[in-house]
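Engineer:
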Amino acid sequence: MDILSNAEQRMSKAISNFQDAIAVLRTGRANAALLENIECDYYGDRMNITSIAAIKVPEPRQLLIVPYDQGDIKTIVAAINASDIGINPVVDGKQIRLVIPPLTEDRRKELVKKAKGYSEEAKVAIRNIRRDAIDAVKKDETYTEDTRKQEEQEIQKITDKYTKKIDELLKVKESEIMAI
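Last residue of the sequence shown: 182 (our numbering), numbering continuous.
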């Protein structure tokens with residue numbers, strides 16, 4: 003049973019990684035997750051923007067970044083400019099505005115392709131976990147032949163469950179990206 007729970011735990015982590023990867027894909031709507039992986043220089047250390055500033059969504063296509071320390075505005079702007087999100091920050095007094103431009107049809111298709119790539123990577127990770135679990139079951143001498151087959155079927159059920167979850171998450175993200 004330990005092999006099953008370990009495999010399920012690892013598959014759950016793969017789903018979590020997939021969710022993190024697709025969360026940063028721009029959908030045309032403001033989302034604070036867009037800034038989650040952007041780090042800036044904070045007194046010699048690398049810190050996430052979300053750790054040193056409050057992020058608000060005042061309008062559907064706008065993010066408002068309010069640094070806790072006003073001296074961090076320049077480093078936050080530099081980090082956003084250096085990132086690959088493709089949005090120019092506008093300094094507005096003691097805060098930074100990010101106006102999210104509407105996506106073109108080509109850009110939407112490109113983002114969907116990227117999301118599908120992430121989903122394929124997650125599925126590969128899950129299949130690798132399945133293979134590792136099945137190998138572990140085969141190597142375990144304590145299993146009888148029937149128990150071994152039963153464990154392999156359970157592993158396959160878990161794999162199918164998580165693969166389906168990836169497909170569902172991808173479908174939701176695709177509809178978000180393609181929505182105008």
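Positions of the beta carbon are idealized from the N, C-alpha and C atoms, including for glycine. Just so it is clear, the structure is predicted and the values come from calculations on it, not from any experiment.
Helix, strand or coil for D71? Go by DSSP, reduced to three states.
Structural biologist: The residue labelled residue 71 in the question sits at position 69 within the sequence shown. Three-state DSSP puts D71 in coil, outside helix and strand.
Engineer: Got a sec: is the Cβ-Cβ distance from A84 to anything in chain B below 8 Å?
Structural biologist: Of the protein chains in the structure, only one exists, and it is not chain B.
Engineer: Just list the alpha helix (DSSP H) runs in the segment 95–152, keeping only unbroken ones of 4 residues or longer that don't cross its boundaries, in chain order.
Structural biologist: Counting only runs of 4 or more, we get 107–141.
Engineer: Kindly indicate which residue of A81, G95, K96 has the alpha-carbon position closest to the one of I89.
Structural biologist: Indexing the sequence shown from 1 puts residue 89 at position 87. Nearest C-alpha to I89: A81.
Engineer: Is it right to say K175 is buried, meaning 16 or more other beta carbons lie within 10 angstroms of its own, or is it exposed?
Structural biologist: Position 173 of the sequence shown, counted from the first residue, corresponds to residue 175. That one is buried.
Engineer: Can you give me the start and stop residues for the beta strand (DSSP E) that I57 sits inside?
Structural biologist: Translated into the one-based positions of the sequence shown, residue 57 becomes position 55. That run of the beta strand (DSSP E) goes 55–61.
Engineer: Rounded to a whole number of angstroms, what is the C-alpha to C-alpha distance between S136 and I157?
Structural biologist: Along the sequence shown, read from residue 1 onward, the residue named residue 136 stands at position 134. Along the sequence shown, read from residue 1 onward, the residue named residue 157 stands at position 155. Residue 136 is actually Ile in this sequence, not Ser. Each residue's alpha carbon lies about 7 Å from the other.
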